[in-house]
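Here the structure comes first, spelled out in structure tokens, and everything after it is commentary.
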Amino acid sequence: MLSVVLMGISLSMDACAVSISAGVSIPGLQKFHIFRASSFFGIFQFLMPIIGFYLGKSFVFYIVNFDHWIAFALLAFIGGKMIFETLSKRDKDQEEKTLEESHAEKKSGDIRDIKTLLILALATSIDALAVGISLSIMDQGIWLSAALIGGITFTICILGFDFGKRIGMIVAKGAQLAGGIILIGIGVKIVVEHLFL
Numbered sequence: 263m264l265s266v267v268l269m270g271i272s273l274s275m276d277a278c279a280v281s282i283s284a285g286v287s288i289p290g291l292q293k294f295h296i297f298r299a300s301s302f303f304g305i306f307q308f309l310m311p312i313i314g315f316y317l318g319k320s321f322v323f324y325i326v327n328f329d330h331w332i333a334f335a336l337l338a339f340i341g342g343k344m345i346f347e348t349l350s351k352r353d354k355d356q357e358e359k360t361l362e363e364s365h366a367e368k369k370s371g372d373i374r375d376i377k378t379l380l381i382l383a384l385a386t387s388i389d390a391l392a393v394g395i396s397l398s399i400m401d402q403g404i405w406l407s408a409a410l411i412g413g414i415t416f417t418i419c420i421l422g423f424d425f426g427k428r429i430g431m432i433v434a435k436g437a438q439l440a441g442g443i444i445l446i447g448i449g450v451k452i453v454v455e456h457l458f459l
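Counting from 263, one number per residue, gives the positions in the sequence shown under the working numbering.
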């Protein structure tokens, strides 16, 4: 049981980093969006081990060869768009926008957008697919393990959003740029872990 809890904490770290990034880069993030995003991250972390478990070891070699590249591509795409938007919006028209208009606008990497949220939830949960396959190989039970992993991810993401919002109040300037860099960094970390560790 302890090993599953530790596994859940480990698997939740990418989603937690995304939550902190969103908390920092999206001013005035509402509780509904925080709860919905945390739920998505938790549900995906719950479902992916189950999918991996039932795929079984017959597919393990196909999956582990490219799962990290999929995660990297998704995170790099969203992170790159965030950085591009931040840098391209430094013209006079953008500067003349009121603070309220800027807050209301949905940007790339904005977890209030359901498509973006789905991509981020998928990208941060791909490792859990491989964990499900591992549990299948080890002949471990899956349902309790998946529930713990999902529940831990949900809880840690809630805390991550709160922490990010507190930081965002202090360093609001350039927060979206930082958020984009963080997402790309997470993608690079996933690739490095799979290739070299």
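C-beta: ideal position from N, C-alpha, C; glycine also.
Computed from a predicted structure; not experimentally measured.
When the Cα atoms are used, what is the spatial distance from residue i to residue j?
i: I313; j: L391; result: 7 Å
i: S300; j: I448; result: 18 Å
i: V280; j: L349; result: 20 Å
i: G413; j: I376; result: 21 Å
i: L439; j: Q402; result: 42 Å
i: R428; j: I296; result: 14 Å
i: L317; j: I395; result: 7 Å
i: L445; j: S283; result: 8 Å
i: A408; j: Q307; result: 7 Å
i: F425; j: L264; result: 26 Å
Taking all protein chains shown into account, do 16 or more other C-beta atoms lie within 10 angstroms of the C-beta of residue i, making it buried, or fewer, making it exposed?
i: F461; result: Residue 461 is absent from the model: the chain starts at 263 and stops at 459.
i: L291; result: buried
i: V393; result: buried
i: S287; result: buried
i: L380; result: exposed
i: V454; result: exposed
i: L406; result: exposed
i: S272; result: exposed
i: F294; result: exposed
i: L457; result: exposed
i: F303; result: buried
i: F328; result: exposed
i: L382; result: buried
i: M310; result: buried
Say the cut is 6 Å; is the CB of residue i nearer than that to a heavy atom of the ligand SAH?
i: R298; result: Among the components modelled here there is no ligand, and therefore nothing to report on the ligand SAH.
If you reduce the DSSP assignment to three classes, tell me which class residue i lands in.
i: D307; result: For clarity, residue 307 is Gln in the given sequence; the question names Asp instead. Note: Q307 maps to helix in three-state DSSP.
i: M344; result: helix
i: E363; result: Because E363 carries a pLDDT of 45, less than 50, the predicted location of this residue cannot be relied on, and the following value inherits that uncertainty. In the structure shown, E363 sits in a helix (DSSP, three-state: H, G or I).
i: F294; result: helix
i: M263; result: coil
i: I414; result: helix
i: F328; result: coil
i: R374; result: coil
i: F420; result: It is worth fixing the name first, because residue 420 is Ile in this sequence and not Phe. DSSP places I420 in helix when its eight states are reduced to three.
i: I381; result: helix
i: G447; result: helix
i: I288; result: coil
i: G204; result: Any question about residue 204 goes unanswered here, given that the chain covers just 263 to 459.
i: I404; result: coil
Kindly say whether residue i, judged by its beta-carbon, lies nearer than 7 Å to any beta-carbon of chain B.
i: M269; result: As a matter of chain content, chain B is missing from the structure shown, which is built from one protein chain.
Subject >> Contact the segment 379 to 391 vs the segment 327 to 345: 3+ CB pairs below 8 Å >> reply: The segment 379 to 391, when compared against the segment 327 to 345, does touch it at the 8 Å Cβ threshold.
Original post:
Are three or more beta carbon pairs between the segment 417 to 425 and the segment 336 to 349 nearer than 8 Å?
Top reply: Between the segment 417 to 425 and the segment 336 to 349, the count of C-beta pairs closer than 8 Å stays below three; the two stretches do not touch.
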